[in-house]
Amino acid sequence: MPGTAPPSPSKSAATFEEDIAFLTQHGSVKILKSADGGQIAVSGQYQGRVMTSAVEQGGQSLGFINRPFISEGKAGTPFDNYGGEDRFWLGPEGGQFGLYFAAQKPFTFDNWQTPHALQEGTWSVLHETPTSITYSHSMTVSNYGQREFKVAIEREISILSSAQASERLGMPIPEGVRWVGFSTSNRLSNAGSDAWSEASGLLSVWILSMFAPVPGTRVLIPFDPQGPGEVVNDRYFGKVPAERLLVDDQKGYLLFECDGKYRSKIGLRPERARAALGSYSEPARLLTLVLYTKPSHATRYVNSMWELQKEPYGGDEINAYNDGPPAPGKPPLGGFYEMESSSPAAALAPGESLTHVHQIFHFSGPREALDGLAQKVLGVSLAELPKTRL
């Protein structure tokens, strides 16, 4: 019935306060709160990440926190997976201009190495208000072709008011819905003395949002049915099985099963992608929406496929990842799922900058209210989605 509180997404899920208590045992965390009850946890210690969020005090922690890894106190691993609901990375991942493989190394999981500069060190606080915090950081990274990039980053994290959220969503927040919304504005600058060019490789802002799957979670992505080329790239880590990916060419949306148990990844190029994507759990009555900067005429996006590429600037604008074992007998990276957005390839002269904004909204409440949000933002009715596994 409208107005009835939804069931708890997971009886074993940590509350926001429990995750904050854990995180503060290992470092400092800043909490930003909205007047509507939503709150987010932010950490400079973990490279300016939004670690997690909740729709209300005492509510479930909605981001993925990798407690075992944090407790072990490790650093310098191939992937320092602290978790985090919104983290800053740079693309591309693989290919002749990739940042995550050393020169001449095969593009295999055993050779994959997140650049140390992206996952180590505390980021500095530049500005702070009761509802926002801005971090700054400088780093140097090198690509597969051994091109070096000197980079400066500014990252403003803001929790959103109901007025701000309504303006960005294009509709008021429905009554009877508990929610939280936040935005990260990510400015990438060329801090070196040479221009960045396609011939030697370009970078992109790559924002990755890690969530703890609740029962029934599916990523829901609208696309342009009339766009050129394939709808979805589902070949990153082997073709995604049909029972985990449904593509509806007529209605213009896809569903991607995200349970944190089967390693798979999908991506959409800018000609197909809309300016929003999301995820939905029917049992939990939990709708998550992601909005991001989508320049209207941008077509050159870095390619992160793990191979030498024919189209190094024919990459995806958005991605979704479901975690799982990378190989038989190997453990998963943590059991999370991700929704990701990227900026266009940044051909920046010295001193020039590019800004990419990534916004996340969680809504918990009656399906009728969530359906209105899904229809407005994603153009898809939740009532039309298949009720069973794909």
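Residue numbers for the sequence shown follow my numbering, so the first one is 102 and each next one is one higher.
The beta carbon of each residue, even a glycine, is placed where N, CA and C say it ideally should be.
In this structure, the CA atom of G368 is about 21 Å from the CA atom of N287. Burial check for K366: the Cβ neighbour count within 10 Å reaches 16 or more, so the residue is buried. Counting along the chain, L124 sits inside no beta strand (DSSP E); it lies in the alpha helix (DSSP H) bounded by residues 117-125.
DSSP, reduced to helix, strand and coil, places H398 outside both helices and strands of the structure shown, so it counts as coil. Comparing C-alpha distances from S294 to each of H127, Y245, E453 shows the shortest one belongs to E453. L124 places its beta carbon less than 8 Å from that of A142.
For Q460, the enclosing beta strand (DSSP E) starts and ends at 454-465. In the structure shown, G473 falls within a helical segment according to DSSP collapsed to helix, strand and coil. When DSSP states are grouped into helix, strand and coil, P169 belongs to the helix group. For E229, the enclosing beta strand (DSSP E) stretches over residues 225-230. Pairing E299 with A448, the inter-Cα distance amounts to about 7 Å. In this structure, M272 keeps its C-beta atom at 8 Å or more from the C-beta atom of F165. Secondary structure within the region 281-319: the beta strand (DSSP E) runs of 3 or more consecutive residues, fully enclosed, are 305-312 (chain order). Contact between the region 471-478 and the region 324-331 is not established, with fewer than three Cβ pairs separated by less than 8 Å.
Its Cα nearest to that of T153, the residue Q140 stands out among Q146, Q140, G159. With 16 or more neighbouring CB atoms inside 10 Å of its own CB, P371 falls in the buried class.
The count of Cβ pairs closer than 8 Å, one atom from the region 430-444 and one from the region 390-402, reaches three, so the stretches are in contact.
Sequence-distant Cβ neighbours of Q460 in its own chain, meaning closer than 6 Å and more than five residues away, are S284, L392. S239 sits in a strand when the DSSP states are folded into three classes. Within the DSSP secondary-structure output, G415 pairs in a beta bridge with Y402. The region 228-237 makes no contact with the region 196-212, as fewer than three CB pairs between them are under 8 Å. The C-alpha of A450 is placed about 44 Å away from the C-alpha of V315. Contact annotation, G184 with G435: C-beta distance approximately 7 Å; criterion of less than 8 Å satisfied.
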